[in-house]
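S.K.:
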Amino acid sequence: MSTYILMKVLESAPNRYDRGIRILTLGRLDKAYDRLTSHIKKGQRVLDLGCGTGALTLRAAQKGARVKGIDINPQMLDIARKRVAEANLVPSVELCEMGVAELGSEKSESYDAVMAGLCLSELTEDELAYTLREIKRMLKPEGLLLIADEVRPKGISKLILNWLIRVPLVIITYLITQTTTNAVKNLPEKIEEAGFVIDSVMLSKIGNFIELVVSKPQGGVK
Amino acid sequence: MNLVRFLAVNIVGTLLRVLPFPCKTGLVKIGNPDRNSPVLLTCNYHLTVERVKRALRGIDAYLLLANSRGINVWCASAGGLFTDHDVISVLKTSGIEELVDHRDLILPQLAATGVEFKVIGKKTGWKVYWGPVRANDIPAFIKDKLEKTPVMREIGFPLMQRIEMAVAWAFPISVILTLFTIPLWREAVLPLIFLVWALSLLIFVSFPLYSKWLGPEGKRMGFILFDFGRGGFQLILWGVVILALIIYSIAVGDFRWGFILRWGFVTSIIVVLLSIDLMGSTPVYKSGLHEDRLLKIIVDGTKCKGVALCEGVCPRNCYEVDKDRHIATIPGASRCVQCGACIVQCPFDALYFKSPKGGIITPETVRRYKLNLIGRRLVKMGGE
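Chains A and B are the protein sequences, given in the same order. For the first sequence, numbering that gives the first Met the number 0 begins at 0 and goes up steadily by one. For the second sequence, numbering that gives the first Met the number 0 begins at 0 and goes up steadily by one.
1. Checking 8 angstroms against the spacing of the C-beta atoms, do residue 119 (chain B) and residue 141 (chain B) come in under that value?
2. Please report how far the alpha carbon of residue 208 (chain B) lies from the alpha carbon of residue 274 (chain B), in whole angstroms.
3. Runs of 3 residues minimum, wholly inside the stretch 104-132 of chain B: which ones carry the beta strand (DSSP E) assignment?
4. Between the stretch 97-121 of chain A and chain B, which residues of the former have CB atoms less than 8 angstroms from a CB of the latter, in chain order?
5. With 8 angstroms set as the bound, which would you pick, yes or no: does the beta-carbon of residue 120 (chain B) sit closer than that to a beta-carbon of chain A?
6. Kindly indicate which residue of B:95, B:134 and B:97 has the alpha-carbon position closest to the one of residue 108 (chain B).
7. In this structure, how does DSSP classify residue 73 (chain A) when only helix, strand and coil are distinguished?
8. From residue 154 (chain B) to residue 26 (chain B), what distance separates their C-alpha atoms?
9. So the candidates are B:183, B:339, B:16 and B:103; which of them puts its Cα closest to the Cα of residue 111 (chain B)?
10. Please check if any C-beta of chain A sits within less than 8 angstroms of the C-beta of residue 289 (chain B).
11. Go to residue 28 (chain B), then tell me how far its beta strand (DSSP E) extends in each direction, as first and last residue.
12. Taking 8 angstroms as the CB-CB cut-off, is residue 226 (chain B) touching chain A?
13. Kindly say whether residue 56 (chain A), judged by its beta-carbon, lies nearer than 8 angstroms to any beta-carbon of chain B.
14. From which residue to which residue does the alpha helix (DSSP H) around residue 12 (chain B) run?
15. Could you give the DSSP three-state label for residue 222 (chain A): helix, strand or coil?
16. Name the chain B residues whose beta carbon is nearer than 7 angstroms to that of residue 173 (chain A)?
17. Please compile the residues from chain B whose C-beta is within a distance smaller than 7 angstroms of the C-beta of residue 141 (chain A).
18. Given a cut-off of 8 angstroms, decide if residue 126 (chain A) and residue 92 (chain A) are closer than it, judged by their beta-carbon atoms.
19. What did DSSP end up calling residue 209 (chain A) once you bin it into helix, strand or coil?
20. Have a look at residue 49 (chain A) and residue 117 (chain A) and give me their C-alpha separation to the nearest angstrom.
21. When DSSP builds the beta bridges, which residues end up paired with residue 21 (chain B)?
22. In whole angstroms, what separates the C-alpha of residue 135 (chain A) from that of residue 173 (chain A)?
23. For residue 95 (chain A), is the classification buried or exposed, using 16 other Cβ atoms within 10 angstroms of its Cβ as the cut-off for buried?
24. Are three or more beta carbon pairs between the stretch 363-370 of chain B and the stretch 304-317 of chain B nearer than 8 angstroms?
25. In terms of residues, what are the limits of the beta strand (DSSP E) holding residue 223 (chain A)?
26. Select from the stretch 116-141 of chain B all residues with a C-beta closer than 8 angstroms to any C-beta belonging to chain A, and list them in chain order.
27. Relative to chain A, which residues along the stretch 3-32 of chain B have a C-beta separation below 9 angstroms, given in chain order?
28. Residue 306 (chain B): which of B:345, B:333, B:298 and B:336 sits nearest, CA to CA?
29. Restricting to runs no shorter than 4 residues, where is the alpha helix (DSSP H) found entirely within the stretch 323-370 of chain B?
30. Can residue 181 (chain B) and residue 54 (chain B) be called in contact, C-beta distance under 8 angstroms?
31. Counting only Cβ pairs nearer than 7 angstroms, list the residues of chain A close to residue 66 (chain B).
32. Below 8 angstroms between beta carbons: does that hold for residue 57 (chain A) and residue 147 (chain A)?
33. Fully enclosed by the stretch 99-144 of chain A, which alpha helix (DSSP H) runs are 4 residues long or longer?
34. Where DSSP assigns a beta bridge to residue 143 (chain B), which residues make up the other side?
35. Considering only residues of the same chain and omitting the five flanking positions on each side of residue 303 (chain B), which have a CB-CB separation below 6 angstroms?
36. Can you say whether residue 201 (chain A) is buried or exposed, counting buried as having 16 or more other CB atoms within 10 angstroms of its CB?
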């Protein structure tokens, strides 16, 4: 019987993803998403990278934006679709199963804002560089890139502290949802290298969670 | 230096075989490739990568490492962790498109259950060729102009792989048992480790002796614990160990029932631990945990055009294509491990799964919903 319960727990279920992520980020995520989407205005065209179950997509659509959400996980998208329908936001939301590598098909300078919640940390190094290039191409001048993600803390003491807090959380979350996240290294530096301007940074106390508001300079100047 | 790394990765990878072991993704140059050199792609499971690199020595080629989350090709493909998206991504973001003039991509055949050649072609313009199952066959495959022999297509469970699996289970189980035993029963640690390794090797090395009694039928939970033909083999194995214990204690001249009972009990626990999901530890049977093991593949004769893509991706050589009637047949259906590769790749949707109760799992479902850790497709939404 205990084996059976363990197996039920091990059964990966996208509908438990949100709960798992809440454990991993210690409830920080919802507030971060609210703060980020406060920059979205009515009528804007917004792209949500790695929309998952639609946390950011829904918030932006509720503010009156037209949102395109992309994700590579069809089960997550199913849940997002259901939630969009329940919120009566179907006309202003488009959800597509596609990865960041397919962003080449999007028009240049066609978005007012690009959002990425716990998405950049899922990417490989090559993918991150490619994605930042594509975001810059797709954003209108002065368009915003809004990021909430886990980052690798700087400094040995913070690294160790982060590790001690994270390991038990990672184990619990993995058992429940088979999800985990990988922190990004030097994210602000990489974003500046890609030619963006960082408007504001909010770093958690241990330095393991970052909220970034970034803009594309007018005329594409560095 | 390369050899040292190869050996180190093989040792660590084998001991911790049950855990993911990721390495860096992206483009790797093998030898001195030029604009016409072959392009191969594999997962980012470190052990696989080292073995593929070793197999490719002396060949000039590009090797792309896609993000399979550090899991091997077959498991990651079946579990939805090595998908079209991961292949498209490494093609688009690694810079390979600027380095070669052709668009031919060699993928491992075992990825066919998760990656659809049609989607890759449509979205990237790259043409997929299914390479051999084993990395060591890649040089011959390239030399023969990407032609595969039936042997290159088929998975087996040879002695070396069986020893690998024995080590893969013996190591973590002996570590866990040791951690529990040190505070409770210190003098038992060494005999315990010996028992775990000996029994594990015995179970896997002798696999061909009893494998003919293994089959996909059986009750769910009981089946998991009693993979050896419903407990028969486990009892025999257990009996052998008890007998050995009695002979040993008589030989050292100190026969006590307490000793026999205690170690008999410990042995039975080890045997059960080692043989939980024994079939799932082999590549030639579906896991006893997976409901998919009872599914049968059906050919829809009205849709099949006999193009034999199924034959080319089946790792158990189940298919035979009737060239005159242009239709696929499955004479080796009893060998099927329900990987679903043939269903995913069939360009005419002519294949599907049928459950024992007559339910149908469509190609659309097989492509879209992959298996989770306990082998269930997440088709249902919402409630658990």
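Here a beta-carbon is modelled for each residue, glycine too, at the ideal position from N, C-alpha and C. As the structure is a computational prediction, the values presented were derived from the model and not from experiment.
M.R.: With the given structure in hand:
1. no
2. 15 angstroms
3. 126-129
4. 97, 98, 99, 100, 101 and 103
5. no
6. B:134
7. helix
8. 27 angstroms
9. B:339
10. no
11. 25-29
12. Confidence in residue 226 (chain B) is poor, its pLDDT being 49 and thus under 50, which makes the residue's placement unreliable; the coordinate value appears in the next sentence. No, residue 226 (chain B) lies away from the interface with chain A (no Cβ there is under 8 angstroms from its Cβ).
13. no
14. 1-14
15. Past the edges of chain A, shown from 0 to 221, lies residue 222 (chain A), and the structure says nothing about it.
16. Residues of chain B passing the Cβ test: none, with the nearest at roughly 11 angstroms.
17. Chain B residues near residue 141 (chain A): none, gap ~27 angstroms exceeds 7 angstroms.
18. no
19. strand
20. 8 angstroms
21. B:44
22. 34 angstroms
23. exposed
24. no
25. There is no way to answer for residue 223 (chain A), as the model of chain A reaches only from 0 to 221.
26. 122
27. 23, 24, 25 and 26
28. B:345
29. 340-344 and 362-367
30. no
31. 123
32. no
33. 124-137
34. Answer is none; residue 143 (chain B) lacks a bridge partner.
35. 326, 327 and 349
36. exposed
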